[in-house]
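*Asks:*
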Amino acid sequence: MGLCLANSLIARRDFVAYDQLVRYKWWSKHGYMSSTGQCFDIGSATSQSLREFERRQQSFATKHHISLDQLDSLSNPDLLAKFDVNCSESGAAGNGALMRLAPVPLFFYRHPTEAVEFSGVSGIITHGDQKAYDACRYYGALIVAALRGETKAQLLDNNFYLNHKPWFNNKPLTQDVMNVAQGSYKKPGGYRDGIRGKGYIINALEAALWAFCYDGNSFEKGVLDAVNLGDDTDTTAAIYGQLAGAYYGYDKLPQKWVKQ
Numbered sequence: 015m016g017l018c019l020a021n022s023l024i025a026r027r028d029f030v031a032y033d034q035l036v037r038y039k040w041w042s043k044h045g046y047m048s049s050t051g052q053c054f055d056i057g058s059a060t061s062q063s064l065r066e067f068e069r070r071q072q073s074f075a076t077k078h079h080i081s082l083d084q085l086d087s088l089s090n091p092d093l094l095a096k097f098d099v100n101c102s103e104s105g106a107a108g109n110g111a112l113m114r115l116a117p118v119p120l121f122f123y124r125h126p127t128e129a130v131e132f133s134g135v136s137g138i139i140t141h142g143d144q145k146a147y148d149a150c151r152y153y154g155a156l157i158v159a160a161l162r163g164e165t166k167a168q169l170l171d172n173n174f175y176l177n178h179k180p181w182f183n184n185k186p187l188t189q190d191v192m193n194v195a196q197g198s199y200k201k202p203g204g205y206r207d208g209i210r211g212k213g214y215i216i217n218a219l220e221a222a223l224w225a226f227c228y229d230g231n232s233f234e235k236g237v238l239d240a241v242n243l244g245d246d247t248d249t250t251a252a253i254y255g256q257l258a259g260a261y262y263g264y265d266k267l268p269q270k271w272v273k274q
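Numbering (my numbering), first residue to last: 15 to 274.
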């Protein structure tokens, strides 16, 4: 899904949530941008949202007299503005919203306010809980800060949100996300101290930041630590890798992994 999101940003040269949902739909139905050519391991919230997106597309086509073969390439700004892209059921707060996030802050990092807001929107179109929106805003801001050269100490500062409040348009974070931003993940014992790489977005956010905090400045160690938490291992590692990759850079990736 991250590749679908990146492809949308590049093709549209902008943040177009409708186009992102189209590409996620292609992935789910046809394996678009999949490493295997097939959709696999799609989460329940994403699956529900894409079914709802298709239903809305059908209704929209009928109402606005649009042929079905033109729906996926819709580009008229007036029509796009009329389409409700928030297709998720309320309360959906899975980790899939964070898992695919990185292309947004990468694309908009020169404009932090837009990067942070679009990070939140990129998540809420398939995961409708406020916690998903805020977790994506916070993590997007961390990636932007890493790309703009901030130190690891600055990224992990318990006052990161307050220090970057203008990036968030001065909008508050939900308390669960704020608890993470204020250092709830700073538990050296990791799993023994209650860090879990589960599907709930707050657990996933904590787990990824725990791995980043205690990775000894080693991307490889961080990935392995994230995986060894168990539960939703690949997603936890993917979330860790977005921030760690932005901070350490391509040259710090383990070459044995790059060559595989």
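Glycine included, each C-beta is placed from N, C-alpha and C at the ideal position.
Taking buried to mean at least 16 other C-beta atoms within 10 Å of its own C-beta, is Arg65 buried or exposed?
*Replies:* Residue 65 sits at position 51 when you count from the first residue of the sequence shown. Burial call: exposed.
*Asks:* Using CA atoms only, rank isn't needed, just tell me which of Gly236, Glu164 and Val158 is closest to Phe121.
*Replies:* Looking up residue 121 in the sequence shown gives position 107. The candidate whose alpha carbon is nearest that of Phe121 is Val158.
*Asks:* Kindly indicate which three-state DSSP category Tyr334 falls into: helix, strand or coil?
*Replies:* Residue numbering for the chain in the displayed model covers 15 to 274; residue 334 lies beyond these limits and cannot be assessed.
*Asks:* May I have the straight-line CA-CA distance separating Asp143 from Ser133, to the nearest angstrom?
*Replies:* The residue given as residue 143 occupies position 129 in the sequence shown. The residue given as residue 133 occupies position 119 in the sequence shown. Using only the alpha carbons, I get a separation of about 14 Å.
*Asks:* Might you give, ordered along the chain, the residues of its own chain that have their beta carbon closer than 6 Å to the beta carbon of Ser287, omitting 5 neighbours on each side?
*Replies:* The requested residue 287 is not part of the displayed model; the chain covers only 15 to 274.
*Asks:* For Thr127 versus Asn193, is the C-beta distance shorter than 9 Å?
*Replies:* Here residue 127 is taken as the residue at index 113 of the sequence shown, counted from 1. Here residue 193 is taken as the residue at index 179 of the sequence shown, counted from 1. No; because the gap between Cβ atoms is not below 9 Å, this pair is not in contact.
*Asks:* From Lys96 to Ala31, what distance separates their C-alpha atoms?
*Replies:* Position 82 of the sequence shown holds residue 96. Position 17 of the sequence shown holds residue 31. Distance between the alpha carbons of Lys96 and Ala31 is about 12 Å.
*Asks:* Going by the beta-carbon positions, is the gap between Phe226 and Leu257 smaller than 9 Å?
*Replies:* Within the sequence shown, residue 226 is the residue found at index 212, counting from 1. Within the sequence shown, residue 257 is the residue found at index 243, counting from 1. Against a cut-off of 9 Å, the Cβ pair of Leu257 and Phe226 comes out as a contact.
*Asks:* At what residues does the alpha helix (DSSP H) containing Ile24 begin and finish?
*Replies:* For this step, residue 24 is matched to residue 10 along the sequence shown. Its alpha helix (DSSP H) spans residues Gly16 to Arg26.
*Asks:* Assuming Cys150 is part of the alpha helix (DSSP H), what are its boundary residues?
*Replies:* If you number the sequence shown from 1, residue 150 lands on position 136. Run containing Cys150: Gln144 to Leu161, per the alpha helix (DSSP H) assignment.
*Asks:* Around the C-beta of Tyr264, are 16 or more other C-beta atoms found within 10 angstroms, so that it is buried, or is it exposed?
*Replies:* Your numbering for residue 264 matches position 250 in the sequence shown. Answer is exposed; the Cβ neighbour count stays below 16.
*Asks:* Tell me the DSSP secondary structure of Gly203 in three-state form.
*Replies:* Here residue 203 corresponds to residue number 189 of the sequence shown, with the count starting at 1. Coil.
*Asks:* Please confirm whether Lys145 and Ile209 have their CB atoms less than 9 Å apart.
*Replies:* By one-based count along the sequence shown, residue 145 stands at place 131. By one-based count along the sequence shown, residue 209 stands at place 195. Result no, Cβ atoms of Lys145 and Ile209 do not sit closer than 9 Å.
*Asks:* May I have the straight-line CA-CA distance separating Asn231 from Thr250, to the nearest angstrom?
*Replies:* In the sequence shown, residue 231 corresponds to position 217, counting from 1. In the sequence shown, residue 250 corresponds to position 236, counting from 1. If I take the Cα positions, the gap works out to 18 Å.
*Asks:* Here's the rule I'm using: 16 or more other beta-carbon atoms within 10 Å means buried, otherwise exposed. How should Gly255 be labelled?
*Replies:* Residue mapping note: residue 255 aligns to position 241 of the sequence shown, counting from 1. So Gly255 ends up on the buried side.
*Asks:* In whole angstroms, what is the alpha-carbon distance linking Tyr123 and Gly108?
*Replies:* On the sequence shown, position 109 is the one that residue 123 refers to. On the sequence shown, position 94 is the one that residue 108 refers to. Cα to Cα, the separation comes out at about 25 Å.
*Asks:* Are the CB atoms of Ala129 and Gly154 within a distance shorter than 9 Å?
*Replies:* The count along the sequence shown starts at 1 and reaches residue 154 at position 140. The count along the sequence shown starts at 1 and reaches residue 129 at position 115. In contact: Gly154 and Ala129 (Cβ atoms closer than 9 Å).
*Asks:* Along the chain, where does the alpha helix (DSSP H) containing Thr247 start, and where does it finish?
*Replies:* Along the sequence shown, read from residue 1 onward, the residue named residue 247 stands at position 233. That run of the alpha helix (DSSP H) goes Thr247 to Tyr262.
*Asks:* Let's see if you can read the secondary structure: which residues bound the alpha helix (DSSP H) around Lys43?
*Replies:* To locate residue 43, count along the sequence shown from 1; it is residue 29. Here the alpha helix (DSSP H) through Lys43 covers Ala31 to His44.
*Asks:* So Asp245 and Gly211 are in contact, right, with Cβ under 8 Å, and what is the actual spacing, rounded?
*Replies:* Counting from 1 along the sequence shown, the entry for residue 245 is found at position 231. Counting from 1 along the sequence shown, the entry for residue 211 is found at position 197. Asp245 to Gly211, Cβ: 5 Å. Contact.
*Asks:* Which partner residues does Gly108 have in the DSSP bridge list?
*Replies:* As a position in the sequence shown, residue 108 is number 94, starting the count at 1. DSSP lists Tyr214 as partners of Gly108.
*Asks:* List the endpoints of the continuous alpha helix (DSSP H) containing Pro126.
*Replies:* The count along the sequence shown starts at 1 and reaches residue 126 at position 112. Segment Pro126 to Ile138, the alpha helix (DSSP H) holding Pro126.
*Asks:* Is it true that the CB of Cys150 sits closer than 9 Å to the CB of Leu112?
*Replies:* Your numbering for residue 112 matches position 98 in the sequence shown. Your numbering for residue 150 matches position 136 in the sequence shown. Going by C-beta atoms, Leu112 is nearer than 9 Å to Cys150.
*Asks:* Can you list, in chain order, the residues of its chain with a C-beta nearer than 8 Å to that of His79? Leave out the 5 residues immediately preceding and following it.
*Replies:* Counted from its first residue, the sequence shown places residue 79 at position 65. Counting only Cβ-Cβ distances below 8 Å, and skipping sequence neighbours, we find nothing.
*Asks:* Going by C-alpha distance, which of Asn173, Leu88, Leu170 and Val99 is nearest Tyr141?
*Replies:* Working through the sequence shown from its first residue, we reach residue 141 at position 127. Checking the sequence, you will find His at residue 141 rather than Tyr. Per the Cα distances, Val99.
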